[in-house]
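Note that this note's numbering has the sequence shown beginning at 443, numbered continuously upward.
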Amino acid sequence: MDPFETERLLVRQFAQTDASDFFNFNSNAAVVQFIRPIKSREASDAFLKENFNLYVPGFPYGRMCVVNKSTGVFVGSFSILYLNGDANYHIGYALMPEYWGLGMATELVLHGAKVFFSRTVHPELFAITDPENHASMAVLKKSGFNLTGEYLLDGKSLCLFTLTRTAFEAN
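Structure representation (structure tokens):
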């Protein structure tokens, strides 16, 4: 995925030098509560290396590092990844707790959708979230996504949100 910027954030590919931040992120119970199990340092390092394989120049796909533009400090993660089934590509985001409630997730989702629709021909962008993750659902709704059903992932029912190109371009 090619880097992009929002008003306050720089979204770029993860690098090996981000391993400590990536581990702190993936081992933080509050951050990954609705995403995946906590990862050990070894598992986090392996997961980081897996993510390097997702980067394809010119395409808006992959898991990216999010940093504060003014300080260079790690803020969290942003992704556009392929999702099996009826939902093709989904947007993902998670921030370190000290950045919650500052509007940064909404900023990422709005700009990430813009990047997705400007760099692809896909008619829809999806998002999935745990039914208990009310903060994420609020971000998605505020960003123009509509709850359109459920998505079954590893036996767990998640909320499926959809943003169509038509709806996005109308705003």
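Cβ atoms here follow ideal geometry from the backbone N, Cα and C, with glycine treated the same way. Bear in mind the structure is a predicted one, so any value in this text is a computation, not a measurement.
* To do: Within its chain, find whatever has a CB closer than 7 Å to the CB of D400; leave out the 5 residues flanking it on each side and keep chain order.
  => This structure cannot settle anything about residue 400, because the visible part of the chain is limited to 443 through 613.
* To do: Compare the beta carbon distance of H564 and Y531 with 8 Å and say whether it is the shorter of the two.
  => yes
* Assuming A569 contacts F558 (C-beta within less than 8 Å), just tell me the rounded distance between them. => About 11 Å; that fails the 8 Å criterion.
* Asked: Could you check where the beta strand (DSSP E) with M506 kicks off and where it finishes?
  -> G504 to N510
* To do: Given a cut-off of 8 Å, decide if F467 and S519 are closer than it, judged by their beta-carbon atoms.
  => yes
* **C-alpha gap between K491 and E574, whole angstroms** => 30 Å
* **Burial state of A555 (16 or more Cβ within 10 Å)** => buried
* To do: Kindly indicate which residue of K584, S560, V515 and T548 has the alpha-carbon position closest to the one of E611.
  => S560
* To do: Please report how far the alpha carbon of L496 lies from the alpha carbon of L523, in whole angstroms.
  => 9 Å
* **Segments of 4+ residues assigned as alpha helix (DSSP H) that fall wholly inside the stretch 526-606** => 546-561 and 576-584
* **Beta carbon of P445 nearer than 8 Å to that of L451** => no
* Flag this pair as touching only if the stretch 577-593 and the stretch 500-517 have three or more C-beta atom pairs under 8 Å; answer yes or no. => no
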